[in-house]
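One structure is given below, encoded as structure tokens.
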Amino acid sequence: MEISKDVKIESFRNILVESQQGNKNKIKFMMKIFFCLFGLIAIVSFSQKDDLFLDGESFLLGTVSDYMGRKVFTNENDKIEQYGFYEKSLVDKICSLLVGKYDDLLIKKIETTGDRKICSKKLAEKINASYTYYKSGIIQNNEPVFYGQLQTNILTTELQKISFIVGAYSRFGSHENERYCIRLYNSMGHFSVCKKILKELKCEKIEVKIIENIPVNQLVYFEPSKKLMEYLVNYAYLRNQIEEDEKKTFKELSEKYR
């Protein structure tokens, strides 16, 4: 049976349309892959081109809040730390150091505040193992709350110690001329560990200042060793970006509610 010319043309059109639709779907699919890869590459390569090598877990540990100890809830076994809306650059850096090692690493943005929460069950287990825990006596959502005190000998290598101090300084630090400072509040363990590590790294002119306020202010001033100084200078952009974003945000808020 001979197929008419019109049927042939219509069949060709259908094939062409299906081919075009298939190509469009392929293009959309490839675009999705491209943007996913681009986002991953952006995180992994974030500020690493000229950065000195850090131990990711130790750097993260230095940034963890120690206000009245590390709070751990039994119903949040994947939570590592929550960071302010102006600390995005720090969160990006942390993830760039760890995304290749922990396949369950997630950043959860809290829409109401803009804060970011780093979550990973595997990483949380490792971080939480660095603390000794005590019952707080507080019950939240029918679950007991535990307070953790950082173990003093958890960091053993020079790289781990430097990475911890760089992390602590990036989130809690300040400096004027050659004098650096890490300032914590109501710290149960991190402050003692900071002092200990600074001595072990052979920093000079270490000075401790305690301000008996509510909360208690705990400050340690120091002049870095030559090697630590290289790292602090290299990663100064993290602290600078946090301060810049914080000032910008509060300026916008003050103008908004003036």
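With the first letter of the sequence shown counted as 1, position 238 gets the number 238 in the UniProt record's numbering; the numbers rise by one all the way through.
Glycine residues also receive a C-beta, built at the ideal position from the N, C-alpha and C atoms.
With 16 or more neighbouring CB atoms inside 10 Å of its own CB, alanine 168 falls in the buried class. Comparing alpha-carbon positions, the option among Cys194, Ser65, Tyr131, Glu143 lying closest to isoleucine 162 turns out to be Cys194. As summarised for the region 195-221, the continuous beta strand (DSSP E) elements at least 3 residues long and confined to that stretch are 204-211, given in chain order. The criterion of a C-beta distance shorter than 7 Å is not satisfied by glutamine 160 and methionine 188. By the C-beta density criterion, glutamate 87 is buried, having at least 16 other C-beta atoms within 10 angstroms. When Cβ pairs closer than 8 Å are counted between the two stretches, the region 129-149 is seen not to touch the region 86-104, the count staying below three.
For the beta strand (DSSP E) assignment, the uninterrupted runs of no fewer than 3 residues enclosed by the region 120-180 are, from N- to C-terminal side, 131-140, 143-150, 173-176.
In this structure, the beta-carbon distance from lysine 126 to cysteine 119 does not fall below 7 Å. Around the beta carbon of isoleucine 139, a 10 Å sphere encloses fewer than 16 other beta carbons of the protein chains shown; the residue is thus reported as exposed.
Put simply, of Ile242, Leu184, Tyr221 the residue whose alpha carbon is nearest the alpha carbon of isoleucine 214 is Leu184. In this structure, valine 220 sits away from valine 233, with a CB-CB distance that is not shorter than 7 Å. Cβ neighbours of glutamate 143 within its own chain (closer than 8 Å, five residues either side excluded): Phe73, Thr74, Asn75.
The beta carbons of phenylalanine 164 and glycine 69 sit no closer together than 7 Å. DSSP places glutamate 252 in the helix class (H, G or I) of the three-state scheme. Between the beta-carbon of lysine 79 and that of lysine 117 there is about 6 Å, and that keeps the pair under the 8 Å contact cut.
Burial check for arginine 239: the Cβ neighbour count within 10 Å reaches 16 or more, so the residue is buried. At a Cβ-Cβ threshold of 7 Å, leucine 201 and phenylalanine 222 do not count as neighbours.
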